[in-house]
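Novice: Pasting in a structure now, in structure tokens, and then I'll have a few things to ask.
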Amino acid sequence: MLFRQTAPGSAQLWEGTGSAPRSISLDFSFISALRWCAEHRALLATAVPRGGRVPEVRSGERGDLRLFRLAESASGFEQVSRGYAHDPVCLRGGRFAVHRGSAVCVLSPKGVVERDVHRMRFSWGPPSVAASPDGSHLAFVRWRGDDRLLCTTSADAGEAVVHPGLVTSFAWRGPRMLLATTARGLRMLDVDSGALTSFRPRWRAEVAAAPEVSEETAALLRLPPPQVAVTQGSVLAAGDVVWFLADVYPWDGRPGLHGVVRLGPDGGATTAMEVPKGSRVESCSVLPDGTLIAHVADFEDLTIVRRRVVACGPSQAAVNEGWRPLPDCHVPEFGFHVLPE
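The opening residue of the sequence shown carries number 9 in our numbering; numbering runs sequentially from there.
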């Protein structure tokens, strides 16, 4: 689902070519999250109704964030929860999971708390809740200072399992499989057994062998570990394809590589986007048609001087017209509350 704000308090939803945009009202004082639930054909919002208290970091005010739902056939948003709610997702059976300040919890279809999945201290960094593709499990991040630990649990019962090792990003790759970005690179997590294994550890060699990759980039990727620093960032998964941010920099000071790597099935790999020196990809997303959308920051020394959106793929024209993908309930959101300027 694509989203475009047309005026303060107004926006459009669009499912792409062959469908007509739908105009909606966003009559809230503040919105912390918007998510599209394809299974329920509904838009979820955690927002402050008009007249409510908005979040304020300096004073520690959390605000009157509540969970709202806009059904496909409805004319306006319906309030689901009466208590604090942020980072919402849909679960099977018409239920929801939200961060309610002191815990990640499961709500009934009517917004009543069924159980706390995991209690935690309040943090302005959201727990990045994401439902498994079948809505039966939850994955989220537990903050400890600046460290983030990956947790998983059944949406129906049981305690949350805290998996060892710090993560910077994760993505569902099946009903019981997760990809996580760690200090040791990409790891595949089996939710049932807790087994953690390396994922495509030879990705640099795979990308270097791709015919569309330049000789300069291929030579850089073939450098052995003692001569090059390699890090992997945010990871995305859709079907058999995985995307992630990558940094490859030689220790001798030569120009390195920063961009998005695409790993397809059967060993197919390439650089989906390379960003020039002085720029960084802050986040990226992928549309169902394979269009890659990157939010890029341009720097002068250590100062950001410009932010821009770069797209490549079939929907590039729509992105250039201001359309942006709405995250669904299976994709975690990282970062902090989007506070008003």
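C-beta: ideal position from N, C-alpha, C; glycine also.
From Cys-45, Arg-74 and Gly-71, pick the residue whose C-alpha is nearest to that of Pro-141; which is it?
Specialist: The residue you call residue 141 lines up with position 133 of the sequence shown. When each option's Cα is compared against that of Pro-141, the closest is Cys-45.
Novice: Of the choices Gly-119, Gly-264, Cys-113 and Ala-213, whose alpha-carbon is the least far from that of Pro-135?
Specialist: Translated into the one-based positions of the sequence shown, residue 135 becomes position 127. Nearest C-alpha to Pro-135: Cys-113.
Novice: Taking the alpha helix (DSSP H) that Trp-211 belongs to, which residues open and close that run?
Specialist: Within the sequence shown, numbered from 1, the residue matching residue 211 stands at position 203. Here the alpha helix (DSSP H) through Trp-211 covers 211–216.
Novice: Using DSSP with H/G/I as helix, E/B as strand and the rest coil, what is Arg-332?
Specialist: Here residue 332 corresponds to residue number 324 of the sequence shown, with the count starting at 1. Arg-332 falls in the strand class under three-state DSSP.
Novice: Is it the case that the stretch 239–253 contacts the stretch 269–278, given that we only count it when at least three CB pairs across the two stretches are under 8 angstroms?
Specialist: yes
Novice: Determine contact between the stretch 208–223 and the stretch 312–322, defined as no fewer than three beta-carbon pairs at a distance below 8 angstroms.
Specialist: no
Novice: Check each candidate in Asp-95, Cys-337 and Arg-12 and name the one with the smallest Cα separation from Glu-23.
Specialist: By one-based count along the sequence shown, residue 23 stands at place 15. The residue with the shortest Cα to Cα distance from Glu-23 is Arg-12.
Novice: Consult DSSP for Leu-228 and reduce its assignment to one of helix, strand or coil.
Specialist: Reading the sequence shown from its first residue, position 220 is the one you call residue 228. Here Leu-228 sits in helix by DSSP.
Novice: Could you check how far apart the C-beta atoms of Trp-211 and Val-269 are, in whole angstroms? I think they sit under 8 angstroms.
Specialist: Here residue 211 refers to the residue found at position 203 of the sequence shown. Here residue 269 refers to the residue found at position 261 of the sequence shown. The pair is a contact, with the Cβ atoms about 7 angstroms apart (cut-off 8 angstroms).
Novice: Are the Cβ atoms of Ala-191 and Val-243 separated by less than 7 angstroms?
Specialist: Counting from one through the sequence shown, the residue named residue 191 turns up at place 183. Counting from one through the sequence shown, the residue named residue 243 turns up at place 235. Not a contact, by the Cβ cut-off of 7 angstroms.
Novice: State the DSSP-derived secondary structure class of Leu-347, mapped to helix, strand or coil.
Specialist: Stepping through the sequence shown from its first residue, residue 347 is reached at position 339. In this predicted model, Leu-347 has a pLDDT of only 39, less than 50, meaning its place in the structure is not dependable; the value taken from the coordinates is given anyway. The answer is coil: DSSP assigns Leu-347 none of H, G, I, E or B.
Novice: Cα-Cα, which of Leu-194, Pro-219 and Thr-205 is closest to Thr-239?
Specialist: In the sequence shown, the residue the question calls residue 239 occupies position 231. The shortest C-alpha separation from Thr-239 is found at Leu-194.
Novice: Kindly list the residues whose CB is nearer than 7 angstroms to the CB of Gly-2, restricted to its own chain and excluding five residues on each side of it in sequence; keep chain order.
Specialist: Not covered by the structure: residue 2. The range shown for the chain is 9 to 349.
Novice: Would you please state the rounded distance, in angstroms, between the beta carbons of Gly-173 and Leu-228? I believe it to be under 8 angstroms.
Specialist: The residue given as residue 173 occupies position 165 in the sequence shown. The residue given as residue 228 occupies position 220 in the sequence shown. That pair is no contact at about 28 angstroms.
Novice: Secondary structure at Glu-341, three-state DSSP: helix, strand or coil?
Specialist: As a first step, residue 341 must be located in the sequence shown, where it is residue number 333. Looking at Glu-341 - three-state DSSP - the assignment turns out to be coil, as it is neither helix nor strand.
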